[in-house]
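Engineer: If you read the protein sequences in the order shown, they are chains W and P.
Each residue of the first sequence is one higher than the one before, counting from 1 in the numbering used here.
Each residue of the second sequence is one higher than the one before, counting from 1001 in the numbering used here.
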Amino acid sequence: GAVVSQHPSWVICKSGTSVKIECRSLDFQATTMFWYRQFPKQSLMLMATSNEGSKATYEQGVEKDKFLINHASLTLSTLTVTSAHPEDSSFYICSARDRVGTEAFFGQGTRLTVV
Amino acid sequence: AQTVTQSQPEMSVQEAETVTLSCTYDTSESDYYLFWYKQPPSRQMILVIRQEAYKQQNATENRFSVNFQKAAKSFSLKISDSQLGDAAMYFCAYRRTGNQFYFGTGTSLTVIP
């Protein structure tokens, strides 16, 4: 299957700082990317959907000013957690699909710890 | 709204035996896709199998097969000849024509040696 690379795999940051997570499709053009948050032993919670060149569509309850998503190219989307707080600590996963693809391919995930 | 329900939070199976994981979903759409994803301890999501709703034939991928009952909105996963490497969280997912995926709450599968 196609490869989606997510970086970093883990990050620790101080409260109040911002953290950027990158999601790259390595061998296909990702017209759509999804960002999820996953709490321990729980399912994936969709945060937002982004189409290349367009503003992201956020799910209800997700603060767009806190979780900034940029999908400026067909191979790269970024999620920036601004002014991070300990409650933002979680596992964040991106996935991507191309224009005609049926399935989505997932990155390895990023474990964010805010101290 | 579309919902995906996995009623078995945890399942266990003896190595080499067969296990079936359940999934039901709710939709008013007629054209959609269903998936089973596996999430091992590494937490990398891996596609196990997918099913197009318009296909009556159940999908099969080696030891993995599904029982797709469209009228009942049921999509179970059968794992045959279970292996230790099959131990993981399994998520059922639904996607309508368009973008959004909806995931179930997951089933944690333990394989007993």
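Positions of the beta carbon are idealized from the N, C-alpha and C atoms, including for glycine.
What first and last residue would you give for the beta strand (DSSP E) that runs through P/S1093?
Structural biologist: According to the sequence displayed, residue 1093 of chain P carries Ala and not Ser. A1088 to R1096 is the extent of the beta strand (DSSP E) around P/A1093.
Engineer: On the criterion of 16 or more Cβ atoms from any shown chain inside 10 Å, does P/S1007 qualify as buried, or is it exposed?
Structural biologist: Classification of P/S1007: exposed, given that the 10 Å Cβ count is below 16.
Engineer: Terminal residues of the continuous beta strand (DSSP E) containing P/Y1033?
Structural biologist: It spans Y1032 to Q1039 - the beta strand (DSSP E) in which P/Y1033 sits, taken as one unbroken run.
Engineer: At the level of alpha carbons, what is the spacing between P/K1073 and P/F1064?
Structural biologist: Cα to Cα, the separation comes out at about 19 angstroms.
Engineer: Is it right to say W/L26 is buried, meaning 16 or more other beta carbons lie within 10 angstroms of its own, or is it exposed?
Structural biologist: Exposed: under 16 other Cβ atoms inside 10 Å.
Engineer: Between the Cα of P/E1029 and the Cα atoms of P/G1104, P/Q1100 and P/R1096, which residue gives the shortest distance?
Structural biologist: When each option's Cα is compared against that of P/E1029, the closest is P/R1096.
Engineer: Can you confirm whether W/L44, when its beta carbon is compared against all beta carbons of chain P, has any partner nearer than 7 angstroms?
Structural biologist: Chain P contact via Cβ: present.
Engineer: Near W/L112, what residues of its chain come up, given a Cβ to Cβ distance below 7 angstroms and the 5 sequence neighbours on each side ignored?
Structural biologist: Closer than 7 angstroms at the Cβ level, and outside the excluded window around W/L112, lie V11, V19, V81, D88, S89, S90 and Y92.
Engineer: Hey, P/P1009 and P/T1107 are a contact pair by Cβ (cut 8 angstroms); roughly how many whole angstroms apart?
Structural biologist: P/P1009 to P/T1107, Cβ: 7 angstroms. Contact.
Engineer: I'd like to check one pair, P/R1050 with W/E103: are the Cβ atoms closer than 7 angstroms?
Structural biologist: Taking 7 angstroms as the Cβ cut-off, W/E103 and P/R1050 qualify as a contacting pair.
Engineer: Quick one: complete beta strand (DSSP E) runs, 3+ long, within the stretch 16-100 of chain W?
Structural biologist: Those beta strand (DSSP E) runs which fall completely within the stretch 16-100 of chain W and span 3+ residues are 19-25, 32-38, 44-51, 67-73, 76-81 and 90-97.
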